[in-house]
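Trainee:
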Amino acid sequence: MGAKFELCIRPLDLGQTLGCGQTFRWSQRPNGTWSGPLLDNCLVLTMKGGTLHAKAVPGNRDVKNDLRIHLRAQDDVSKIQKVLAEDKVIAKGLRSMRGLRIVKIDEWEALASFVLATYANIPRIVKMINAISREYGREIVGDVFSFPTRAELSEASVHNLAKLGLGYRAKYLHELCRAVDEDELRHLKKLGYEELREELKELPGVGDKVADCVSLFGFGKLEAFPIDVWMERALSRLYGQKGSYAKLREFAASSFGPYAGYAQEYIYLNERAYASAGACRFTSGR
DNA sequence: GCCCAGGAGTGTG
DNA sequence: CACACTCATGGG
Numbered sequence: 007m008g009a010k011f012e013l014c015i016r017p018l019d020l021g022q023t024l025g026c027g028q029t030f031r032w033s034q035r036p037n038g039t040w041s042g043p044l045l046d047n048c049l050v051l052t053m054k055g056g057t058l059h060a061k062a063v064p065g066n067r068d069v070k071n072d073l074r075i076h077l078r079a080q081d082d083v084s085k086i087q088k089v090l091a092e093d094k095v096i097a098k099g100l101r102s103m104r105g106l107r108i109v110k111i112d113e114w115e116a117l118a119s120f121v122l123a124t125y126a127n128i129p130r131i132v133k134m135i136n137a138i139s140r141e142y143g144r145e146i147v148g149d150v151f152s153f154p155t156r157a158e159l160s161e162a163s164v165h166n167l168a169k170l171g172l173g174y175r176a177k178y179l180h181e182l183c184r185a186v187d188e189d190e191l192r193h194l195k196k197l198g199y200e201e202l203r204e205e206l207k208e209l210p211g212v213g214d215k216v217a218d219c220v221s222l223f224g225f226g227k228l229e230a231f232p233i234d235v236w237m238e239r240a241l242s243r244l245y246g247q248k249g250s251y252a253k254l255r256e257f258a259a260s261s262f263g264p265y266a267g268y269a270q271e272y273i274y275l276n277e278r279a280y281a282s283a284g285a286c287r288f289t290s291g292r
């Protein structure tokens, strides 16, 4: 039982890619490997000499291709970085993030995950997602659970979801299960970015920011540019850009075009690093 | 204890 | 269009 395989995807840094808050289900082990559920397999990933080595349990279906899709092996990340580095702000921050890749998450998982992600910090988001997976998903191997399907999750009552620590998000998630079905997801996959985000925004718990996260990470729209509180601060601090979501979104589209999603990730991580460096200075000043 | 969190929904000016 | 307010709760 289980499967082993290798993939040559470059550039790739597992920590930068899986631990940066675009996906919530991977965790780093003490020995530097990364593990987590991907659809109906549990994977353990490690880098050896620039090559990705993977172990999959139980090794269902075409897990190798699932991982290739998840890590967006088709992206020419070096070229994207080269284009985006024309922006001096990004060029500077980029140096420490060469191995970051945008991931492609299952559409339903992305939708449900980012509805839960509203107004919560990342450790809490991870906790909520683990809780609903444990309660309503299927056990893949010991203590690793798949993300619950829409059908599985629609069995949950608002009350039981709230008990898992979702707060007011319990109601959104419950309504989302009823507002979306497989036909709707199939329909959404056919849409271009602008149409997609407008239709996503019709769903309960989905506003501008969640629609962009789901477009980017769930539907693979690299031109999407999610703007959360961190991005607002970064755009103000680094570019002097302030104003409504629509205005900031327009700035991003004109500045970063088809690779706005990658630009967003570089700027977002840059801002978080800046904040934690500032906090460190502050606390160490005694 | 306090502040904040990868915001959205609703109502008002 | 822009704001203001509320929502429920855990993490740092």
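Note that the first sequence covers residues 7 to 292 in our numbering. Think of the CB as a built atom: it goes at the ideal place given N, C-alpha and C, for glycine as much as any other residue.
1) Alpha carbon to alpha carbon, how far is L222 from A79? Give it in angstroms, no decimals.
2) If you count every other CB in all the chains shown that lies within 10 Å of the CB of I135, and 16 or more means buried, which is it?
3) From A62 to I75, what does the alpha carbon distance come to, in whole angstroms?
4) Return helix, strand or coil for L209, following the three-state DSSP convention.
5) For R192 versus W236, is the C-beta spacing smaller than 8 Å?
6) Keeping to the same chain, check which residues put their C-beta closer than 6 Å to that of R184; ignore five residues upstream and five downstream.
7) Compute the distance between the beta-carbons of G143 and P154, then report whether it is under 8 Å.
8) Excluding five sequence neighbours on each side, which residues of the same chain lie with their C-beta closer than 6 Å to the C-beta of E181?
9) Determine the direct distance from the alpha carbon of M7 to that of K207, and round the result to whole angstroms.
10) On the DSSP bridge list, what partners appear for P43?
11) Note down, in chain order, each residue of its chain lying with its Cβ closer than 6 Å to the Cβ of I146, except the 5 sequence neighbours on either side.
12) Whole beta strand (DSSP E) runs in the segment 10-96 with 3 or more residues, listed along the chain?
13) Going straight from the alpha carbon of S160 to that of R243, what length do you get?
Mentor: The relevant details are as follows:
1) Your numbering for residue 79 matches position 73 in the first sequence. Your numbering for residue 222 matches position 216 in the first sequence. Those two C-alpha atoms are separated by around 15 Å.
2) By 1-based counting over the first sequence, the position of residue 135 is 129. It is buried - the Cβ of I135 has at least 16 other Cβ atoms within 10 Å.
3) Indexing the first sequence from 1 puts residue 62 at position 56. Indexing the first sequence from 1 puts residue 75 at position 69. Using only the alpha carbons, I get a separation of about 15 Å.
4) In the first sequence, residue 209 corresponds to position 203, counting from 1. L209: coil per DSSP, three-state reduction.
5) Walking along the first sequence from the start, residue 192 turns up at place 186. Walking along the first sequence from the start, residue 236 turns up at place 230. Cβ atoms of R192 and W236: not closer than 8 Å.
6) Taking the first residue of the first sequence as 1, we reach residue 184 at position 178. Counting only Cβ-Cβ distances below 6 Å, and skipping sequence neighbours, we find nothing.
7) Reading the first sequence from its first residue, position 137 is the one you call residue 143. Reading the first sequence from its first residue, position 148 is the one you call residue 154. For G143 and P154, yes; Cβs fall inside 8 Å.
8) If you number the first sequence from 1, residue 181 lands on position 175. Excluding sequence neighbours, E181 sits near P210.
9) Sequence index remark: in the first sequence, residue 207 carries index 201 (1-based). Sequence index remark: in the first sequence, residue 7 carries index 1 (1-based). Each residue's Cα considered, the two are about 42 Å apart.
10) Position 37 of the first sequence, counted from the first residue, corresponds to residue 43. According to DSSP, P43 bridges with C48.
11) Mapped onto the first sequence, residue 146 falls at position 140. Taken in chain order, the residues that qualify are P43, C48 and S152.
12) 40-44, 47-54 and 57-63
13) By 1-based counting over the first sequence, the position of residue 160 is 154. By 1-based counting over the first sequence, the position of residue 243 is 237. The alpha-carbon atoms of S160 and R243 are separated by roughly 42 Å.
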